[in-house]
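**Q** The structure that follows is given in the form of structure tokens.
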Amino acid sequence: MGDTNDISIVTGGLQQYLNKKALKKTETNEDIHQQDSLFHNLPLDCKLHIFSYLGPEDLCRISAVCRDWYFVSEDSILWKELMDRDVKAWNVIGHKTNPALYQEVQSDWSNKEIYIRCSPHINKLMHKNDAVFSFTDFLKSFLPKKSWTPKIAMFGPGLESDLTSGLVRKILYDHNEHMERTGLVSGQFEGVGSGWCYKLPNGQTFQLSVLYSASKQQRTQKLWNRVEGNNLIQINKDEEGETIVELKPAVRDFCRSVDAFVFVVDGTSLDNLKADEIYELSAMLKERWSDTHIPLLVMSCIPNSLSPRLPCIKVVEALNLGNLNRPWQVRDCLVENLEGVIDSFSWLIEQSQRR
Numbered sequence: 001m002g003d004t005n006d007i008s009i010v011t012g013g014l015q016q017y018l019n020k021k022a023l024k025k026t027e028t029n030e031d032i033h034q035q036d037s038l039f040h041n042l043p044l045d046c047k048l049h050i051f052s053y054l055g056p057e058d059l060c061r062i063s064a065v066c067r068d069w070y071f072v073s074e075d076s077i078l079w080k081e082l083m084d085r086d087v088k089a090w091n092v093i094g095h096k097t098n099p100a101l102y103q104e105v106q107s108d109w110s111n112k113e114i115y116i117r118c119s120p121h122i123n124k125l126m127h128k129n130d131a132v133f134s135f136t137d138f139l140k141s142f143l144p145k146k147s148w149t150p151k152i153a154m155f156g157p158g159l160e161s162d163l164t165s166g167l168v169r170k171i172l173y174d175h176n177e178h179m180e181r182t183g184l185v186s187g188q189f190e191g192v193g194s195g196w197c198y199k200l201p202n203g204q205t206f207q208l209s210v211l212y213s214a215s216k217q218q219r220t221q222k223l224w225n226r227v228e229g230n231n232l233i234q235i236n237k238d239e240e241g242e243t244i245v246e247l248k249p250a251v252r253d254f255c256r257s258v259d260a261f262v263f264v265v266d267g268t269s270l271d272n273l274k275a276d277e278i279y280e281l282s283a284m285l286k287e288r289w290s291d292t293h294i295p296l297l298v299m300s301c302i303p304n305s306l307s308p309r310l311p312c313i314k315v316v317e318a319l320n321l322g323n324l325n326r327p328w329q330v331r332d333c334l335v336e337n338l339e340g341v342i343d344s345f346s347w348l349i350e351q352s353q354r355r
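Letter by letter, the sequence shown follows residues 1 to 355 of UniProt numbering.
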């Protein structure tokens, strides 16, 4: 009899515990539903204001919570404001990831789709977590590597700026474990084309030739003008008297043999991107001696991490890159440690092989 009572006591105690646990869970669910109802009853403007404090990853996650949150998180104005805010911090923008490209052609894509397509951070996460990308990269490792080494021409006002001119010195002369210098290349044209051979950690190789507008002694003269005293370009007049900026013959012949271009700019201020300096870029990219499949990389350089930086999107707008009919990319780079430089060359090599 005592044993039966003991069993009843134990059973009753367990039942009480289970009842209390179920009651607590019910109360918790009621609290959650009550909180949900409070949020659901908020005006749409309040919901959008709350969601505006979230980042793109959080907005994508909460869209799966319920139908109401999905519609709020998909709001076009919300994603437009998010893009206008975040685009200034993007460290790379290219011909396929320029938001203006989709906005100007009145694309059917929503602002959310444009953001996800263009954001370098989102693209990196998708590439990292996507099994298809990983499997593709795995298969590529078994494919035979092309022995062809692209020839890259580097030029631009950033090579001659007091703040960023150290970039070439860092690449050529400082010990760098990420860029191995493997040899020299003699020039094929009069005074133009000599350079160096490099190898990246992933096995990619390239030839680099650096083109200066003038010697340092010439540039320091008070009366020196970047257009009129430029060793790369020459000024001509057409039949109507309009000014035409063209490459000098030797430089023109060299550009016909180039597989990719690097245009270096001082990214500390918009004042460094003057019209006189852009003439040089437009002359180099003329279709008469540069095919439209030849890619352009713009390195927006600052001397160190403490220096002020011009957003990539401002560089895109200042150079009017959206109107180019060739692959292009703008990337933030640091002179002090070559941050961004290796990725820049890697992208340029891949693009130069897509013909």
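The beta-carbon is built from N, C-alpha and C at its ideal position, and this holds for glycine as well.
With H, G and I counted as helix, E and B as strand and the rest as coil, what does DSSP make of residue 86?
**A** DSSP places residue 86 in helix when its eight states are reduced to three.
**Q** From residue 123 to residue 243, what distance separates their C-alpha atoms?
**A** 43 Å
**Q** Quick one: is residue 25 buried, meaning 16 or more other Cβ sit within 10 Å of its Cβ, or exposed?
**A** Model confidence at residue 25 stands at a pLDDT of 49, short of 50, so the residue's coordinates are unreliable and nothing is read from them.
**Q** Does DSSP put residue 193 in a helix, in a strand, or in coil?
**A** coil
**Q** Mapping DSSP to helix, strand and coil, what is residue 318?
**A** helix
**Q** Is the beta carbon of residue 51 closer than 7 Å to that of residue 65?
**A** Residue 65 is not a Cβ neighbour of residue 51, given a cutoff of 7 Å.
**Q** Ignoring anything shorter than 4 residues, give me the alpha helix (DSSP H) runs that lie fully in the region 159-225, in order along the chain.
**A** Entirely contained in the region 159-225, the alpha helix (DSSP H) runs reaching 4 residues are, in chain order, 166-172, 216-219.
**Q** Taking the runs of the beta strand (DSSP E) that are 3 residues or longer, which of them lie wholly in the region 232-288?
**A** 233-237, 243-247, 260-266
**Q** Here's the rule I'm using: 16 or more other beta-carbon atoms within 10 Å means buried, otherwise exposed. How should residue 272 be labelled?
**A** Buried, since its Cβ has 16 or more Cβ neighbours within 10 Å.
**Q** Taking C-alpha atoms, which residue in 159, 117, 335 lies nearest to residue 102?
**A** 117
**Q** Going by beta carbon distance, what residues of the same chain come within less than 7 Å of residue 253, once the five residues before and after it are set aside?
**A** 189
**Q** Give every residue of the same chain whose Cβ lies closer than 7 Å to the Cβ of residue 334, excluding the five residues on either side of it in the sequence, and list them in chain order.
**A** 302, 304, 305, 340
**Q** Counting only the same chain and skipping the five closest in sequence on each side, list residues whose C-beta sits under 6 Å from that of residue 205.
**A** 149, 199
**Q** Based on DSSP bridge pairs, tell me the residues matched to residue 122.
**A** None; residue 122 has no bridge partner.
**Q** Which residue comes first and which comes last in the alpha helix (DSSP H) that contains residue 58?
**A** Counting along the chain, the unbroken alpha helix (DSSP H) around residue 58 starts and ends at 56-62.
**Q** Among the residues of its own chain, which have a CB less than 8 Å from the CB of residue 176, if the five just before and after it don't count?
**A** 170, 338
**Q** Can you find the residues in the same chain that come closer than 6 Å, C-beta to C-beta, to residue 27, ignoring five residues on each side of it along the sequence?
**A** Low local confidence applies: a pLDDT of 47 at residue 27 is under 50, so the model's placement there is unreliable, and no value is given.
**Q** Does the region 340-355 come into contact with the region 254-265, if we say contact requires no fewer than three beta-carbon pairs (one atom in each stretch) closer than 8 Å?
**A** yes
**Q** Of the residues 294, 312, 332, which one's Cα is nearest the Cα of residue 99?
**A** 312
**Q** Could you round the C-beta distance between residue 70 and residue 63 to whole angstroms and report it? I think they count as a contact, below 8 Å.
**A** 5 Å
**Q** With 16 other CB atoms within 10 Å as the buried threshold, where does residue 133 fall?
**A** Bear in mind that the predicted position of residue 133 carries a pLDDT of just 49, short of 50, making it unreliable; the figure below should be weighed with that in mind. With fewer than 16 Cβ atoms within 10 Å of its Cβ, residue 133 is classed as exposed.
**Q** In the DSSP assignment, the alpha helix (DSSP H) including residue 152 goes from what residue to what residue?
**A** That residue, residue 152, is in no alpha helix (DSSP H); its beta strand (DSSP E) goes 151-155.
**Q** On the DSSP bridge assignment, give the partners of residue 300 in chain order.
**A** In the DSSP output, where bridge partners are listed per residue, residue 300 has 265, 332.
**Q** Here's the rule I'm using: 16 or more other beta-carbon atoms within 10 Å means buried, otherwise exposed. How should residue 105 be labelled?
**A** exposed
**Q** Straight-line CA distance for residue 79 to residue 219?
**A** 46 Å
**Q** Answer yes or no: do residue 264 and residue 299 have a C-beta to C-beta separation smaller than 7 Å?
**A** yes
**Q** Cα separation between residue 59 and residue 86?
**A** 14 Å
**Q** CB-CB under 6 Å to residue 281, same chain, minus the five flanking residues each way: which ones, in chain order?
**A** 263
**Q** Skipping 5 residues on each side, what residues in its chain have a beta carbon closer than 7 Å to that of residue 266?
**A** 157, 158, 161, 163, 164, 272, 301
**Q** Among 41, 221, 213, 223, whose alpha-carbon lies nearest the alpha-carbon of residue 230?
**A** 213
**Q** Say whether the region 90-97 touches the region 325-333, bearing in mind that this needs 3 or more beta-carbon pairs closer than 8 Å, one atom from each stretch.
**A** yes
**Q** Per DSSP, which one or two residues make a beta bridge with residue 94?
**A** 329
**Q** What residue range does the alpha helix (DSSP H) around residue 67 cover?
**A** 67-73
**Q** Measure the beta-carbon distance from residue 247 to residue 233 and round it to whole angstroms, keeping in mind my assumption that it falls under 8 Å.
**A** 6 Å
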